[in-house]
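This note's numbering puts the sequence shown at residues 57 to 370. Input: a single structure, listed below in structure tokens.
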Amino acid sequence: VYIQSEFTQQFLERVSVRNREMLERMPVHGACYGDSAIDGSHHLYTQRVYDPLIGKVVQQRIDDKLSGRVSEEESEEEGEEESEESSEEESGESEGESETATSGGGGALSKDDAIGIQRERLRLWHAYRKEVKIPSLRDRLPSPENLYEIVDFGLQNEAFATQCAYELFEQLKKQTTFPLMIAVDQWNECFPVSEYLSIKYENTKYNGYIPAFHLTMPRLFHKWDGWQLKRGIKVAATCWKYANRRDYRPELLKVKREEVRTVRNFSAFEFANFVAYYRRKRVIQHFPREKLDYFYMLTGGNGFQSRRLLAMLY
57 VYIQSEFTQQ
67 FLERVSVRNR
77 EMLERMPVHG
87 ACYGDSAIDG
97 SHHLYTQRVY
107 DPLIGKVVQQ
117 RIDDKLSGRV
127 SEEESEEEGE
137 EESEESSEEE
147 SGESEGESET
157 ATSGGGGALS
167 KDDAIGIQRE
177 RLRLWHAYRK
187 EVKIPSLRDR
197 LPSPENLYEI
207 VDFGLQNEAF
217 ATQCAYELFE
227 QLKKQTTFPL
237 MIAVDQWNEC
247 FPVSEYLSIK
257 YENTKYNGYI
267 PAFHLTMPRL
277 FHKWDGWQLK
287 RGIKVAATCW
297 KYANRRDYRP
307 ELLKVKREEV
317 RTVRNFSAFE
327 FANFVAYYRR
337 KRVIQHFPRE
347 KLDYFYMLTG
357 GNGFQSRRLL
367 AMLY
């Protein structure tokens, strides 16, 4: 996952401007606070990333301990052999009758030794696991009273901006103070490759480009998790900025067929409101009112075609 601290700070700034008063009235649920890692993932998932490294270190320690024990046994056996040879020479016995002890390095371990090694492995594993420290927001912001304090901390500390954004969304799932709607536009752009390049993705199906869902900001919105909101709804809109459309399969994202709706074309009254809104926002200028019916007939009330045509002509 590639962390986008600067973009996340800009997002938190927009959230604070529009929703500060409501965020100040939303309490923090301590049960789920502090679970997000620095990249937004759950801290238990992030801890598992270090498991292969811990396993290698533990195995190396076990191997070193076994090799040290074997070398001690070999030195003891060599000393026993020398004492036996000297006693045989003194007693005048014939050469070659001395018994040779078998080395413990090549033979199988006894049951007690195997149990002892497994206990030592578990002890080392837990010791090294405790040394792995995942940065938590609890360490820097122990007890925030409301959600705005989390947002403000992310604005003041760019390194923790991503962590604060993910903590905010986890808290929004639990809040019941206000009715909530999370609206995601161009949701389909969270799934193809982004415009960023990385050598990590060379010779893969991504052709060197980083997938959008491997970036922390698109990753925050790409899940279909509106059912987790206790008092809210999540709406995701798919639209195409470019001409080439992709064949998306919503069922792979656990989107049910009955949850999909296709936006119809504008009615004549809705088209007039659409044009008035664009004029108010100065997206278009000097549009003659007498041509409303003409452009409505020309575009068929299609929102995408209307926006493109009006922006090009006016």
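Don't be surprised by glycine CBs; every beta carbon is placed ideally from N, CA and C.
| task | With distances taken Cα to Cα, identify the nearest neighbour of residue 102 among 349, 114, 189, 82. | result | 189
| message | Quick test of your reading: residue 57 and residue 294, contact by CB under 8 Å. State the CB separation rounded to the nearest angstrom. | response | In fact, because the Cβ distance is near 23 Å, the residues do not count as touching under 8 Å.
| message | Quick check: the Cα distance between residue 108 and residue 100, rounded to an integer number of angstroms? | response | 15 Å
| task | Identify, in the order they occur along the chain, each residue of the same chain with its Cβ nearer than 6 Å to the Cβ of residue 357, setting aside the five sequence neighbours on each side. | result | 321, 322, 327
| request: With residue 236 as the anchor, note down where its beta strand (DSSP E) starts and where it stops. | output: 236-240
| Simplified DSSP assignment, three categories, for residue 191 | The answer is coil: DSSP assigns residue 191 none of H, G, I, E or B.
| Whether residue 227 touches residue 211 by CB criterion (8 Å) | no
| Whole-angstrom distance between residue 97 and residue 90, CA atom to CA atom | 11 Å
| query | The beta strand (DSSP E) with residue 249 in it runs from where to where? | reply | 249-253
| query | From which residue to which residue does the beta strand (DSSP E) around residue 288 run? | reply | 288-292
| field | residue 98 in three-state terms, based on DSSP | value | strand
| request: With residue 274 as the anchor, note down where its alpha helix (DSSP H) starts and where it stops. | output: 272-277
| request: From the DSSP output, read off the bridge partner residues of residue 92. | output: Listed as beta-bridge partners of residue 92 by DSSP are 98.
| Proximal residues to residue 372 (C-beta, below 6 Å), its chain only, five neighbours per side dropped | Any question about residue 372 goes unanswered here, given that the chain covers just 57 to 370.
| request: Consult DSSP for residue 75 and reduce its assignment to one of helix, strand or coil. | output: helix
| field | Nonlocal neighbours in the same chain, by C-beta distance under 6 Å from residue 149, ignoring five residues either side | value | For residue 149, the predicted structure reports a pLDDT of 45, less than 50, and the residue's modelled location is therefore unreliable. A value from the coordinates is still provided. Hits under 6 Å: none found.
| query | Which of helix, strand or coil does DSSP assign to residue 146? | reply | Note that residue 146 scores a pLDDT of 48, beneath 50, so its modelled location is shaky; the value from the coordinates is reported in the next line. Correct three-state label for residue 146: helix.
| In this structure, what does DSSP give as the bridge partners for residue 265? | 253
| Mapping DSSP to helix, strand and coil, what is residue 58? | Residue 58 sits in a strand when the DSSP states are folded into three classes.
| query | Taking the Cβ atom as the reference point for each residue, do residue 175 and residue 118 lie within a distance shorter than 8 Å? | reply | no
| field | Contacting residues, own chain, Cβ-Cβ under 6 Å from residue 313 (five flanking each side not counted) | value | none
| Roughly how many angstroms lie between the CA atoms of residue 167 and residue 194, to the nearest whole one? | 45 Å
| field | Sequence-distant residues of its chain with Cβ nearer than 8 Å to residue 158 (five each side left out) | value | Bear in mind that the predicted position of residue 158 carries a pLDDT of just 36, short of 50, making it unreliable; the figure below should be weighed with that in mind. Closer than 8 Å at the Cβ level, and outside the excluded window around residue 158, lies no residue.
| Three-state secondary structure (DSSP) of residue 306 | helix
| Does DSSP put residue 244 in a helix, a strand or coil? | helix
| request: Give the range of the alpha helix (DSSP H) segment to which residue 214 is assigned. | output: Looking at the DSSP string, residue 214 is not in any alpha helix (DSSP H), and its letter there is neither H nor E.
| message | Which of the three DSSP states is assigned to residue 329 in this structure? | response | helix
| said: Using CA atoms only, rank isn't needed, just tell me which of 185, 205, 282 is closest to residue 235. | reply: 282
| query | Ends of the alpha helix (DSSP H) at residue 355? | reply | 348-355
| request: Compare the beta carbon distance of residue 94 and residue 191 with 8 Å and say whether it is the shorter of the two. | output: yes
| query | Do residue 207 and residue 220 have their C-beta atoms within less than 8 Å of each other? | reply | Their beta carbons are under 8 Å apart, which means residue 207 touches residue 220 by this criterion.
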